[in-house]
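In the numbering used here, the protein residues as written are 110 to 332.
Note that beta-carbon positions come from the ideal geometry of N, C-alpha and C, so glycine has one too.
The model shown is predicted, which means the values in this text are computed figures rather than measured ones.
Working notes, beginning with the structure itself.
If you want it as structure tokens, here you go:
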């Protein structure tokens, strides 16, 4: 990846700035609301505005899954490649150079043209530093588009398959029949026992550590 970034940086230095303007026009975050394809959920903030614009453009071009894959692959590269991350964060690097580097990497991966325009827009608007957060916001919209509900289960020890199945079955009551649970697990010995469930907009703390805190608080209040 490091050699690819170096070669792409040299090539990008000669890319005309005018090409970036095309990307911005193709992916506008300030479009009239009625012109945007309606997303299944609302994501707020700057990340949300870009995520909704990407979803709308990809919906109209019928390339949602392809763009999602392209962007998630790039997010993984940005999050894992120190040199690429530093290049994006470098305030002294020209925007068209950053855009060219990412565009070269995307082309090597046969990315959809809209995916290139996404990074062109982020570069032109000086938002590349928020790329991972924007892609994560878009991923949340796509999960809702597929009827998926993200759920994180935290336990003191790793759950075995039977335990995980029992928990999953119990959590079905928190979602609609047409939705699917996307379960992730985490281990945190500090909770001592029990579990913490973070599902959609619900946070359920059933840990022993939480119970101990409640008992201690009650005892302190009584004294």
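Close beta carbons around residue 298, own chain, < 6 Å, minus the five adjacent residues each side: 265
Which residues does DSSP pair with residue 259 in a beta bridge? 291
Assign residue 201 to one of two classes, buried (16 or more other C-beta atoms within 10 Å of its C-beta) or exposed (fewer than that). exposed
Near residue 224, what residues of its chain come up, given a Cβ to Cβ distance below 7 Å and the 5 sequence neighbours on each side ignored? 176, 179, 180 and 215
According to DSSP, what are the bridge partners of residue 264? 296 and 304
Quick check on the burial criterion: 16 or more other C-beta atoms within 10 angstroms. Buried or exposed for residue 131? Below a pLDDT of 50, predicted positions are generally treated as unreliable, and residue 131, at 40, falls in that range; no measurement from the model is reported.
Do residue 296 and residue 267 have their C-beta atoms within less than 8 Å of each other? yes
Assuming residue 280 and residue 321 form a contact by the criterion Cβ under 8 Å, report the distance between their Cβ atoms to the nearest whole angstrom. So it is not a contact: roughly 24 Å between Cβ atoms.
Cβ distance (whole Å) where residue 148 is taken to contact residue 250 below 8 Å: 5 Å
I'd like to know whether the C-beta atoms of residue 184 and residue 241 end up nearer to each other than 8 Å. yes
Unbroken stretches of the alpha helix (DSSP H), 4 residues or longer, contained in the stretch 143-185: 154-169
Environment of residue 152 [buried if 16+ CB atoms lie within 10 Å]: buried
DSSP state of residue 278, grouped into three classes? helix
Please report the Cβ distance between residue 300 and residue 262, rounded to the nearest whole angstrom; I am assuming they are in contact, meaning their Cβ atoms lie under 8 Å. About 11 Å; that fails the 8 Å criterion.
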